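Below is one structure, written out as structure tokens, with a few remarks after it.
Residue numbers (our numbering), protein chains in the order written: chain V, 1 to 252; chain Z, 1001 to 1233.
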């Protein structure tokens, strides 16, 4: 059972061309472009880790949000409720499959950057980065789940994703220093998981492990919070269908 | 007897939609649930299949693990985007804890006239083909009881005919089929028994021919118009 569902979820995720573009092709193009324009070593390091983190957030958040929304819209969860398959098991396998592909994509983006800009990385740093990317993908995937529960249509998925992603990216030190920005911007940035994720990714390459603890702890806190929220806000079918049903009942 | 529903009641926003419904589903019958829009057909069936809970009343099933023995085709097309017909069937079979061989999946595809489309992305199938795939999903775990919610709605005559043949074939195999429809000719052609619901109550149930005789009408359509008119619609 696990094998069939996992394999199917891998197939459906890998055939999602739009998310693949935003999490693989777009970050690679952006990284190569920026990396050749800003050619200082520290800038290229920032670019590689920043873009790898963006790839994680795009795959994790928007990818799952759209996938869950479409499945709900098509009545998949409604039908699933009528089978002996527990929803929690199905969602866990789906998240595992997406995390599996997401981490491979992240590693590809990261490795291309490391080789393209000749960044020195130890094998232990590579392994630790791999583990951190698993935590990052799981965290942002669970946030994406909450978005799919809150959004009433596809436009709202984009709106909610941007509302969460853009402050995370722009209030972090992914690509630039926050030394001269107002205190409140730094404060908000530090409250969000992306800043800690980027710093932990960077810290692993620089072999300064003091950012790793805050990276993991922030990702895990947000993961747990988002999982709780996604359970509370979960919907078996979409709002529009419910409203249509309600209208037809009231009309009768 | 497979299912016995006793005194089912359901309200939405303090308005009673189902007003004490009693009925049974017998083994190896083709039962049609008919009635005007908003009469309470879907709500009744949704309570029976376990999608909604009745406020009052009880439903007794012939087995404890009834979810494994019931196949359901909803009006929506619950397919996984990016998966073809074959992959969708394999996936849904796994939800029923069944690991099917390629031959078994192909047999269901052939029965539903979809074998030649087994490698086609489910979302790229036509409306009629998607409807047949939804029925194939309902049949993939070899259920004893099959619920089909408006299986021929919005289909062309040929596609309707194919689904009629499929329902007859399932009945010949010993399956019990429960379906909803607004097409009285279709109901007359297929159903061995009908339940007519109006304003949240059962207004008639029995074999179509006997009901027509009792009410002195020529066909089911006349009976429908007569009884639902009496019901105030």
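In this text, a Cβ means the ideal position worked out from N, Cα and C, and glycines have one as well. Since the model is a prediction, treat every value here as computed from it, not as a measurement.
### Query
Under 8 angstroms, do residue 62 of chain V and residue 144 of chain V count as touching if we go by C-beta distance?
The residue you call residue 62 of chain V lines up with position 62 of the first chain. The residue you call residue 144 of chain V lines up with position 144 of the first chain. Between residue 62 of chain V and residue 144 of chain V, the gap from beta carbon to beta carbon is short of 8 angstroms.
### Task
Using a Cβ cut-off of 9 angstroms, pull out every chain C residue sitting near residue 5 of chain V, in sequence order please.
This model lacks chain C altogether, as its protein chains are V and Z.
### Query
When DSSP builds the beta bridges, which residues end up paired with residue 1176 of chain Z?
For the purposes of this step, residue 1176 of chain Z is taken as the residue at position 176 of the second chain. Answer by DSSP bridge pairing, in chain order: Z:1145.
### Message
To be precise: take each residue of the stretch 69-103 of chain V, compare its Cβ to all Cβ atoms of chain Z, and keep it if any distance is under 8 angstroms. Which residues remain?
### Response
Cβ contacts with chain Z: 70, 71, 74, 75, 76, 78, 79, 80, 81, 82, 83, 84, 85, 90.
### Task
Would you identify the three-state DSSP class for residue 252 of chain V, choosing helix, strand or coil?
Counting from 1 along the first chain, the entry for residue 252 of chain V is found at position 252. Note that residue 252 of chain V scores a pLDDT of 48, beneath 50, so its modelled location is shaky; the value from the coordinates is reported in the next line. In the structure shown, residue 252 of chain V sits in coil (DSSP, three-state: anything other than H, G, I, E or B).
### Query
Given residue 1160 of chain Z, which residues of its chain have a CB within under 6 angstroms of its CB, disregarding the five upstream and five downstream residues?
Looking up residue 1160 of chain Z in the second chain gives position 160. Answer for residue 1160 of chain Z: 1152, listed in chain order.
### Query
Can you list the residues of chain V that residue 1049 of chain Z reaches, using a CB-CB cut of under 9 angstroms?
Taking the second chain and counting its residues from 1, the one referred to as residue 1049 of chain Z is at position 49. The answer, in chain order, is 82.
### Query
Are at least three pairs of beta-carbons, each pair with one atom in the stretch 50-70 of chain V and one in the stretch 211-229 of chain V, less than 8 angstroms apart?
No, they do not touch.
### Task
Return the bridge partner residues of residue 1198 of chain Z from the DSSP annotation.
Walking along the second chain from the start, residue 1198 of chain Z turns up at place 198. BP columns for residue 1198 of chain Z point to Z:1201.
### Query
What are the start and end residues of the beta strand (DSSP E) that includes residue 1010 of chain Z?
For the purposes of this step, residue 1010 of chain Z is identified with residue 10 of the second chain, where counting begins at 1. Per DSSP, the unbroken beta strand (DSSP E) holding residue 1010 of chain Z starts and ends at 1003-1012.
### Task
For residue 1068 of chain Z, return the contacting residues in chain V, with the cut-off set at a CB-CB distance below 7 angstroms.
In the second chain, counting from the first residue as 1, residue 1068 of chain Z sits at position 68. Going along chain V in sequence order, the residues near residue 1068 of chain Z (Cβ under 7 angstroms) are 84.
#### Entry: Proximity to residue 152 of chain V [Cα-Cα], best of V:112, V:171, V:233
Within the first chain, numbered from 1, the residue matching residue 152 of chain V stands at position 152. Closest in C-alpha terms to residue 152 of chain V, from the list V:112, V:171, V:233, comes V:233.
### Task
Measure from the alpha carbon of residue 1029 of chain Z to the alpha carbon of each residue in Z:1191, Z:1094, Z:1054, then state which is nearest.
Within the second chain, the letter at position 29 stands for residue 1029 of chain Z. For the residues Z:1191, Z:1094, Z:1054, the minimum Cα distance to residue 1029 of chain Z belongs to Z:1191.
### Task
Tell me the start and end of each unbroken beta strand (DSSP E) in the stretch 1084-1119 of chain Z that is at least 3 residues and wholly inside, in chain order.
Runs of beta strand (DSSP E) with 3 or more residues, each lying fully within the stretch 1084-1119 of chain Z, are absent.
### Query
Do residue 13 of chain V and residue 101 of chain V have their C-beta atoms closer together than 8 angstroms?
Taking the first chain and counting its residues from 1, one reaches residue 13 of chain V at position 13. Taking the first chain and counting its residues from 1, one reaches residue 101 of chain V at position 101. Contact flag set, yes.
### Whole-number beta carbon distance between residue 1018 of chain Z and residue 1038 of chain Z, since they are thought to touch under 8 angstroms
Position 38 of the second chain, counted from the first residue, corresponds to residue 1038 of chain Z. Position 18 of the second chain, counted from the first residue, corresponds to residue 1018 of chain Z. At roughly 12 angstroms, the Cβ-Cβ gap does not stay under 8 angstroms, so residue 1038 of chain Z and residue 1018 of chain Z are not in contact.
### Query
Does any heavy atom of the ligand SAM sit closer than 7 angstroms to the C-beta of residue 1080 of chain Z?
As presented, the structure is devoid of all ligands, the ligand SAM included, so that no description of it is given.
### Query
Are residue 189 of chain V and residue 116 of chain V closer than 8 angstroms when you measure CB to CB?
For the purposes of this step, residue 189 of chain V is taken as the residue at position 189 of the first chain. For the purposes of this step, residue 116 of chain V is taken as the residue at position 116 of the first chain. Their beta carbons are not under 8 angstroms apart, which means residue 189 of chain V does not touch residue 116 of chain V by this criterion.
### Task
Could you round the C-beta distance between residue 1149 of chain Z and residue 1051 of chain Z to whole angstroms and report it? I think they count as a contact, below 8 angstroms.
Translated into the one-based positions of the second chain, residue 1149 of chain Z becomes position 149. Translated into the one-based positions of the second chain, residue 1051 of chain Z becomes position 51. Wrong, their Cβ atoms sit about 11 angstroms apart, outside the cutoff.
### Query
Excluding five sequence neighbours on each side, which residues of the same chain lie with their C-beta closer than 8 angstroms to the C-beta of residue 157 of chain V?
In the first chain, the residue the question calls residue 157 of chain V occupies position 157. If we look at residue 157 of chain V and ignore the five residues flanking it on each side, its Cβ neighbours are 62, 65, 66, 69, 147, 148, 151.
### Query
Taking Cβ-Cβ distances shorter than 7 angstroms, what residues in chain Z pair up with residue 11 of chain V?
By one-based count along the first chain, residue 11 of chain V stands at place 11. Against chain Z, the beta carbon of residue 11 of chain V has neighbours under 7 angstroms at 1082, 1083, 1087, listed in chain order.
#### Entry: Closer than 7 angstroms at the beta carbon, the chain Z residues around residue 15 of chain V
Position 15 of the first chain, counted from the start, is the residue given in the question as residue 15 of chain V. Those within 7 angstroms of residue 15 of chain V in chain Z are 1082.
### Query
Where does residue 18 of chain V land, buried or exposed, given buried means 16+ other C-beta within 10 angstroms?
Along the first chain, read from residue 1 onward, the residue named residue 18 of chain V stands at position 18. By the 10 Å Cβ count, residue 18 of chain V comes out exposed.
### Query
So residue 1023 of chain Z and residue 1205 of chain Z are in contact, right, with Cβ under 8 angstroms, and what is the actual spacing, rounded?
Translated into the one-based positions of the second chain, residue 1023 of chain Z becomes position 23. Translated into the one-based positions of the second chain, residue 1205 of chain Z becomes position 205. Beta-carbon to beta-carbon, residue 1023 of chain Z and residue 1205 of chain Z are separated by about 6 angstroms, close enough to satisfy the 8 angstroms threshold.
### Message
Pop quiz: residue 1155 of chain Z and residue 1122 of chain Z are said to be a contact at Cβ under 8 angstroms. What is the actual Cβ separation, rounded to whole angstroms?
### Response
Sequence index remark: in the second chain, residue 1155 of chain Z carries index 155 (1-based). Sequence index remark: in the second chain, residue 1122 of chain Z carries index 122 (1-based). Not confirmed; about 17 angstroms, so no contact.
### Query
Using a C-beta cutoff of 8 angstroms, does residue 23 of chain V count as contacting chain Z?
Position 23 of the first chain, counted from the start, is the residue given in the question as residue 23 of chain V. Not an interface residue.
### Task
Pull up the DSSP beta-bridge partners for residue 1016 of chain Z, would you.
Residue numbering aside, residue 1016 of chain Z sits at position 16 when the second chain is read from its first letter. Per the DSSP secondary-structure output, residue 1016 of chain Z pairs in a beta bridge with Z:1011.
### Task
Tell me residue 1031 of chain Z's beta-bridge partners as DSSP assigns them.
In the second chain, counting from the first residue as 1, residue 1031 of chain Z sits at position 31. In the DSSP output, where bridge partners are listed per residue, residue 1031 of chain Z has Z:1178, Z:1193.
### Query
How close, in whole Å, do the beta carbons of residue 1167 of chain Z and residue 1089 of chain Z come, if the pair is a contact with beta carbons under 8 angstroms?
Residue mapping note: residue 1167 of chain Z aligns to position 167 of the second chain, counting from 1. Residue mapping note: residue 1089 of chain Z aligns to position 89 of the second chain, counting from 1. The C-beta distance from residue 1167 of chain Z to residue 1089 of chain Z rounds to 19 angstroms, too long to meet the 8 angstroms contact threshold.
### Message
Cutting at 6 angstroms between CB atoms, please list the residues of its own chain near residue 77 of chain V, excluding the five before and the five after it.
### Response
Taking the first residue of the first chain as position 1, residue 77 of chain V is located at position 77. Closer than 6 angstroms at the Cβ level, and outside the excluded window around residue 77 of chain V, lie 236.
### Query
Within the chosen definition, does the stretch 1110-1121 of chain Z reach the stretch 1058-1072 of chain Z through at least 3 CB pairs nearer than 8 angstroms?
Contact between the stretch 1110-1121 of chain Z and the stretch 1058-1072 of chain Z is absent, because fewer than three Cβ pairs lie under 8 angstroms.
### Task
Check each candidate in Z:1141, Z:1208, Z:1114 and name the one with the smallest Cα separation from residue 1220 of chain Z.
Within the second chain, numbered from 1, the residue matching residue 1220 of chain Z stands at position 220. Looking at Z:1141, Z:1208, Z:1114, the one whose alpha-carbon comes closest to that of residue 1220 of chain Z is Z:1208.
### Task
Could you check what DSSP says for residue 1059 of chain Z in three-state terms: helix, strand or coil?
Indexing the second chain from 1 puts residue 1059 of chain Z at position 59. Residue state, collapsed to three classes: strand.
### Query
Does the beta carbon of residue 1179 of chain Z sit closer than 8 angstroms to a beta carbon anywhere in chain V?
For this step, residue 1179 of chain Z is matched to residue 179 along the second chain. False, the Cβ-Cβ gap to chain V never drops below 8 angstroms.
### Message
Please identify the residue among Z:1111, Z:1184, Z:1216, Z:1211 whose C-alpha is closest to the C-alpha of residue 1165 of chain Z.
### Response
By one-based count along the second chain, residue 1165 of chain Z stands at place 165. For the residues Z:1111, Z:1184, Z:1216, Z:1211, the minimum Cα distance to residue 1165 of chain Z belongs to Z:1111.
### Message
Could you check whether the stretch 20-36 of chain V touches the stretch 45-56 of chain V, counting it as contact only if at least three pairs of C-beta atoms, one from each stretch, sit closer than 8 angstroms?
### Response
Touching, per the Cβ criterion.
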